[in-house]
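Visitor: If you scroll down you'll find the structure; I have some questions about it.
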Amino acid sequence: GNANWNAAPTVQKNILVAKGVQTFVSVSTAPTAMTVGDTYVVSATTSIGYSVVVTSPSNKICTISGLTVTAIGSGFCLLTISQSGDSNWKSVAVSQSIAVLAKGQTITSISTPLTNPVKDGVYKPSGIASSGLAVTVSVDSSTANICSITGNTLRVKGTGSCMLVFNQLGNAAYLPAAPVVQLLSVSL
């Protein structure tokens, strides 16, 4: 107050100040597809400049180290890029999805067959795949009366052609390799 006016009564007001809203100013565009072994580095900037975190529930498809996403298996890699906020700012998050494709592979080499498995001794057929995965060897059913595989050793049953089939069926990271066929001439 003053000489003309009485003092005004004290009034208290509670003012609720809401947290500020932050947004993403920029987020890197995820590739639509990756191949197992590929990496993608996430880049994101929030309106308040706080650092972001990348997480994924797809730990059999992709792994996260900092902002680097590495494809480890085929399927869909789901990403969440987020900033958790603080006492003044709300959290913000964005999702991305990347298709992860298996790598191709080939059977790069197979063992050299014996000229005549009966006369020359034991033959243990084997193969190597470009993926490093194990190669299996089987006898084609059309020549099962000529030879068979026991363990990893060829067993001769009769004369004629023995057809061995080398396979690598792939896994979550690699597609199946094209089979490789080896023909052996068996004479007793």
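If you read the sequence shown in this note's numbering, its first letter stands for residue 1041, the second for the next number, and so on. Cβ atoms here follow ideal geometry from the backbone N, Cα and C, with glycine treated the same way.
Here's a check: name, in chain order, each residue in its chain whose Cβ is nearer than 6 angstroms to the Cβ of valine 1109, leaving out the five neighbours to either side.
Guide: Counting only Cβ-Cβ distances below 6 angstroms, and skipping sequence neighbours, we find Tyr1080 and Cys1102.
Visitor: List the endpoints of the continuous beta strand (DSSP E) containing tyrosine 1163.
Guide: Neither: tyrosine 1163 is in no beta strand (DSSP E) and is coded neither H nor E.
Visitor: DSSP on threonine 1108, reduced to helix/strand/coil?
Guide: Of the three classes helix, strand and coil, the one that applies to threonine 1108 here is strand, per DSSP.
Visitor: Figure out for me which residue from Asn1128, Lys1164, Ala1217 and Ile1112 has the closest Cα to the Cα of leucine 1056.
Guide: For leucine 1056, the nearest C-alpha among the options comes from Asn1128.
Visitor: Is the segment 1144 to 1151 in contact with the segment 1183 to 1198, if contact means three or more CB pairs nearer than 8 angstroms?
Guide: No: fewer than three Cβ pairs fall under 8 angstroms.
Visitor: State the start and end residues of the unbroken beta strand (DSSP E) segment that holds alanine 1133.
Guide: Run containing alanine 1133: 1132 to 1141, per the beta strand (DSSP E) assignment.
Visitor: Assign threonine 1183 to one of two classes, buried (16 or more other C-beta atoms within 10 Å of its C-beta) or exposed (fewer than that).
Guide: Buried.
Visitor: Excluding the five sequence neighbours on either side, which residues of its own chain have a C-beta within less than 8 angstroms of the C-beta of serine 1091, listed in chain order?
Guide: Around serine 1091: Gln1123.
Visitor: Nearest to threonine 1072 by alpha carbon, out of Ala1084, Leu1119, Gly1089 and Gly1041?
Guide: The candidate whose alpha carbon is nearest that of threonine 1072 is Leu1119.
Visitor: If I follow the unbroken beta strand (DSSP E) through leucine 1204, where does it start and stop?
Guide: Counting along the chain, the beta strand (DSSP E) containing leucine 1204 begins and ends at 1200 to 1207.
Visitor: Could you check which residue in Val1061, Asp1078, Ser1137 and Ala1139 has the C-alpha nearest to that of isoleucine 1088?
Guide: Here the closest residue by C-alpha is Val1061.
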